[in-house]
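As given, the protein sequences belong to chains A and B, one line each in that order. For the first sequence, our numbering begins at 4 and goes up steadily by one. For the second sequence, our numbering begins at 547 and goes up steadily by one. Heads up: the structure comes next, in structure tokens.
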Amino acid sequence: MRRLKDILSGIYVGFIAILLYAPILVLIVLSFNDSRSRVTWGGFTFKWYATLFSNGQILDALLTTVVLALGSSAIAVLIGVPGALGIHAMSKKKYNFFMGLTNIPMLNADIVTGIALMLWFVHFIPLGFGSVLLAHITFNIPYVILSVMPRIQQMNVSVYEATRDLGAGPVYSFFKVLLPEMMPGIISGFFMAFTMSMDDFVITYFTKGAGVNTLSTMIYGQIRKGIKPEMYALSTLIFIAVSIILIVVNNISDKRKTVTSDNGIERI
Amino acid sequence: MNESEGRSSSRRTWLSGPYILWIAVFTILPLIVIFKYSLTDNAGSFTLDNISAVFSPINMKAIWFSFKIAFGCTFFCILLSYPMVLAMKHLGLGKKSFSLFIIILPMWMNFILRILAWQMILSNNGLLNLLLTSLGFEPVRIANTSAAIMIGVVYDYLPYMLLPIYMAIMEINEDLIEAAKDLGASGFTVFRKVILPLSVPGLLSGTVMVFVPSMTSFVVSDILGGGKLQLIGNIIEQDFTAGNNWHMGSGLSVALMIFILISMPFTAKHEDQGHESVIW
């Protein structure tokens with residue numbers, strides 16, 4: 004009975020894994036396809052990987068995507084972390100009010116957020132990299148706040164108060180007590196924001212104007228004419244790079260989990 | 547907690563100044579602007595036509611279709627995710643970050659490309675039919691149908707359902723399950739009385755993360771629906787890009803937003819539990 008359950012579970016997990024990875028496999032295969040057509044196999048080639056690095060348009064879009072993701076998540080952390088600290092110190096009523104506002108960009112449909120921002124932007128700035136950056140910061144801040152807030156709630160405030168009583172300045176106490184406590188939340192918020200920004204299409208599409216392209220909007224533009232094979236090559240490279248990064252990060256965090264208890268106070 | 551911090555914390559509230567300013571300028575004001583557009587015509591005078599356009603036959607058809615897609619997508623995502631998480635738990639894959647990794651990694655391949663890959667898999671002479679005919683089955687014709695769109699959105703949003711359910715179920719204290727078993731509960735009773743009730747928060751947040759986006763997406767239906775099947779997102783998008791009819795598009799957006807607001811109280815209940823993400 005238990006054996007049967009093992010087998011069934013294994014088959015089911017395998018089935019979902021195939022479902023999740025089948026299209027990815029298709030794309031990886033296409034990146035090695037010598038034919039420009041999506042439906043015929045023209046033999047194995049590495050040439051798209053070579054031409055990728057001389058394709059200025061795609062490299063430009065890649066650079067824009069990465070700079071946008073890094074910039075918007077960094078700024079989201081700089082605004083969001085103090086924001087979370089401040090909101091946490093408010094009365095229950097104000098706290099709920101501002102956390103409700105924080106949820107708006109997350110609950111609203113992307114298409115509505117994108118259109119609302121675009122309609123607003125056209126009144127005072129030209130649509131371009133700047134407007135996309137502002138839009139990405141806007142939808143990234145909630146991810147930072149929502150991952151830092153549980154950390155702040157768990158924080159032992161007496162330790163902060165104690166360092167202040169013992170004569171530490173507020174800035175010193177912040178860096179020595181509050182920041183280390185919040186760090187795991189800040190890191191996960193940053194990476195959430197980074198991922199969301201890299202992955203966004205809809206909001207970028209509406210706020211970007213004519214000149215700028217991220218990878219997503221560039222791919223969308225190519226759908227009718229046919230996707231450039233270099234795009235498959237680039238996606239495969241990104242996919243492999245992220246796999247390696249995730250494996251390394253997961254290994255490190257698994258090890259850390261077993262070494263330190265998650266108590267916080269002894270880390271000071 | 548808020549109260550116990552006393553006076554020193556009340557001084558800390560100014561830290562949120564920049565963020566509150568940001569909300570005002572980039573969350574509240576854009577919403578006011580879109581409302582203004584939705585309530586005016588091209589000449590700038592007040593009208594309710596853009597909002598009431600929701601009730602035109604074409605738009606009603608798109609909204610009804612969007613609702614069916616969103617409902618079906620949420621349903622199938624739960625149907626696929628729940629057994630997946632239970633199977634992972636059964637196989638002891640639960641606490642390992644490797645299993646999270648399996649769920650998250652596909653999200654790093656650009657989603658438009660992944661949907662295009664589905665187009666190739668599902669097309670009439672695509673990979674699925676190649677597989678079916680080589681196994682001796684009849685080929686299926688699902689390219690450019692609502693079934694293809696459904697497969698696309700379920701695929702796209704499955705990780706957003708898997709993750710919260712996964713987190714809710716893996717957090718269940720193993721002792722509770724052991725205790726229920728010791729007291730004579732059968733496997734099914736343990737599921738019904740312990741696992742299912744404790745996974746409700748995960749189911750709810752998964753539903754929030756899947757329902758609204760699948761209802762309003764326009765890329766999936768664009769690619770897999772062959773341009774003939776329109777979700778409300780497609781109509782709004784065309785108002786802004788092809789039709790250049792911003793007021794109408796805003797009216798439909800506002801109507802969509804109202805619909806989402808109405809469904810919000812149902813999600814607000816578990817909102818303040820705020821779990822830290824375990825993705826990283």
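Beta carbons are placed, not taken as given, at the ideal position from N, Cα and C, and that holds for glycine.
Where the alpha helix (DSSP H) through residue i begins and ends
i, result
"glutamine 225/A", "218-225"
"asparagine 780/B", "778-786"
"methionine 201/A", "182-202"
"glycine 797/B", "792-808"
"threonine 105/A", "95-110"
"aspartate 728/B", "720-728"
"methionine 152/A", "132-157"
"asparagine 605/B", "603-636"
"alanine 500/B", "Residue 500/B is absent from the structure shown; chain B starts at 547 and stops at 826."
"histidine 91/A", "59-91"
"methionine 655/B", "That residue, methionine 655/B, is in no alpha helix (DSSP H); it is neither H nor E in DSSP."
"threonine 210/A", "205-210"
"threonine 116/A", "113-124"
"phenylalanine 734/B", "733-736"
"serine 745/B", "Unbroken run through serine 745/B: none, as it is neither H nor E."
"alanine 689/B", "Counting along the chain, alanine 689/B falls outside any alpha helix (DSSP H), and DSSP gives it neither H nor E."
"serine 669/B", "Where serine 669/B is concerned, there is no enclosing alpha helix (DSSP H), given that its DSSP letter is neither H nor E."
"leucine 651/B", "No alpha helix (DSSP H) contains leucine 651/B, which DSSP labels as neither H nor E."
"glycine 563/B", "563-569"
Residue i, buried or exposed, once every other Cβ within 10 Å from all chains shown has been counted against 16
i, result
"tyrosine 565/B", "buried"
"glutamate 822/B", "Residue placement at glutamate 822/B is flagged as unreliable, the pLDDT there being 38, under the threshold of 50; the coordinate-derived value follows with that caveat. The residue is buried, with at least 16 neighbouring Cβ atoms inside 10 Å."
"tryptophan 123/A", "buried"
"aspartate 265/A", "Since pLDDT at aspartate 265/A reaches only 45, below the 50 mark, its modelled position is unreliable, and no value is offered."
"isoleucine 569/B", "buried"
"serine 94/A", "exposed"
"threonine 166/A", "buried"
"threonine 841/B", "With chain B represented from 547 up to 826, any question about residue 841/B goes unanswered, as that position is not in the structure."
"alanine 589/B", "exposed"
"arginine 687/B", "exposed"
"aspartate 113/A", "buried"
"arginine 39/A", "exposed"
"glutamate 720/B", "exposed"
"methionine 158/A", "buried"
"leucine 7/A", "exposed"
"valine 16/A", "buried"
DSSP beta-bridge partners of residue i
i, result
"phenylalanine 683/B", "Phenylalanine 683/B is not bridged to any residue."
"phenylalanine 592/B", "Thr586/B"
"asparagine 36/A", "Phe47/A"
Candidates the options, of which the one nearest residue i by Cα
i, options, result
"phenylalanine 581/B", "Leu120/A, Leu28/A, Thr105/A", "Leu120/A"
"isoleucine 155/A", "Val125/A, Arg167/A, Gly188/A", "Gly188/A"
"isoleucine 222/A", "Lys211/A, Tyr235/A, Phe242/A, Phe124/A", "Tyr235/A"
"phenylalanine 209/A", "Ile741/B, Leu709/B, Ser796/B", "Ser796/B"
"phenylalanine 242/A", "Leu651/B, Leu750/B, Phe611/B, Ala616/B", "Leu651/B"
"isoleucine 649/B", "Ser598/B, Pro705/B, Ile667/B, Met606/B", "Pro705/B"
"proline 629/B", "Met93/A, Gly13/A, Ile61/A", "Gly13/A"
"valine 69/A", "Leu7/A, Ser57/A, Met199/A", "Met199/A"
"arginine 738/B", "Pro747/B, Gly748/B, Ala726/B", "Ala726/B"
"arginine 5/A", "His636/B, Ile723/B, Ser745/B", "His636/B"
"glycine 46/A", "Phe35/A, Ala87/A, Thr141/A", "Phe35/A"
"serine 584/B", "Val571/B, Ala599/B, Leu646/B, Phe572/B", "Ala599/B"
"isoleucine 615/B", "Gln665/B, Asp702/B, Leu632/B", "Asp702/B"
"serine 238/A", "Leu729/B, Ile658/B, Asn675/B", "Ile658/B"
"leucine 22/A", "Trp664/B, Leu709/B, Leu575/B", "Trp664/B"
"serine 692/B", "Asn605/B, Trp792/B, Asp768/B, Leu646/B", "Asp768/B"
"aspartate 595/B", "Glu720/B, Met794/B, Leu802/B, Phe805/B", "Met794/B"
"alanine 714/B", "Phe572/B, Ile741/B, Gly730/B, Val736/B", "Ile741/B"
"leucine 240/A", "Pro108/A, Leu62/A, Phe18/A", "Leu62/A"
"proline 685/B", "Ile718/B, Ala694/B, Gly672/B", "Gly672/B"
"isoleucine 500/B", "Met653/B, Met696/B, Thr679/B, Leu632/B", "As shown, chain B starts at 547 and ends at 826. That puts residue 500/B outside it, with no answer to give."
"glycine 224/A", "Val571/B, Ser627/B, Leu662/B", "Leu662/B"
Any non-hydrogen atom of the ligand NAD closer than 7 Å to residue i Cβ
i, result
"isoleucine 806/B", "As presented, the structure is devoid of all ligands, the ligand NAD included, so that no description of it is given."
Taking a cut of 8 Å between CB atoms, which residues from the segment 236-253 of chain A lie near chain B? Ser238, Ile241, Phe242, Val245, Ser246, Leu249, Ile250, Val252, Asn253
Below 9 Å between beta carbons is the criterion; list the residues of the segment 88-100 of chain A that meet it against any residue of chain B, in chain order. Leu88, Gly89, Ile90, His91, Ala92, Met93, Ser94, Lys95, Lys97, Tyr98, Asn99
Using a Cβ-Cβ cutoff of 9 Å, what residues of the segment 669-680 of chain B are near chain A? List them in chain order. Ser669, Asn671, Gly672, Leu673
Anything in the segment 623-640 of chain B with a Cβ closer than 7 Å to a Cβ of chain A? List those residues in chain order, please. Leu626, Pro629, Met630, Ala633, Met634, His636, Leu637
Identify each residue in the segment 102-114 of chain A for which the Cβ-Cβ distance to at least one residue of chain B is less than 9 Å, and report them in chain order. Met102, Gly103, Leu104, Thr105, Asn106, Ile107, Pro108, Met109, Leu110, Asn111, Ala112, Asp113, Ile114
Looking at chain B, which residues of the segment 165-183 of chain A have a Cβ within less than 8 Å of any of its Cβ atoms? Arg167
Under 8 Å (Cβ pairs) to chain B, residues found in the segment 12-29 of chain A: Ser12, Gly13, Tyr15, Val16, Ile19, Ala20, Leu22, Leu23, Tyr24, Ala25, Pro26, Ile27, Val29
The segment 114-126 of chain A: positions lying closer than 7 Å to chain B by Cβ: Ile114, Val115, Ile118, Ala119, Leu120, Leu122, Trp123
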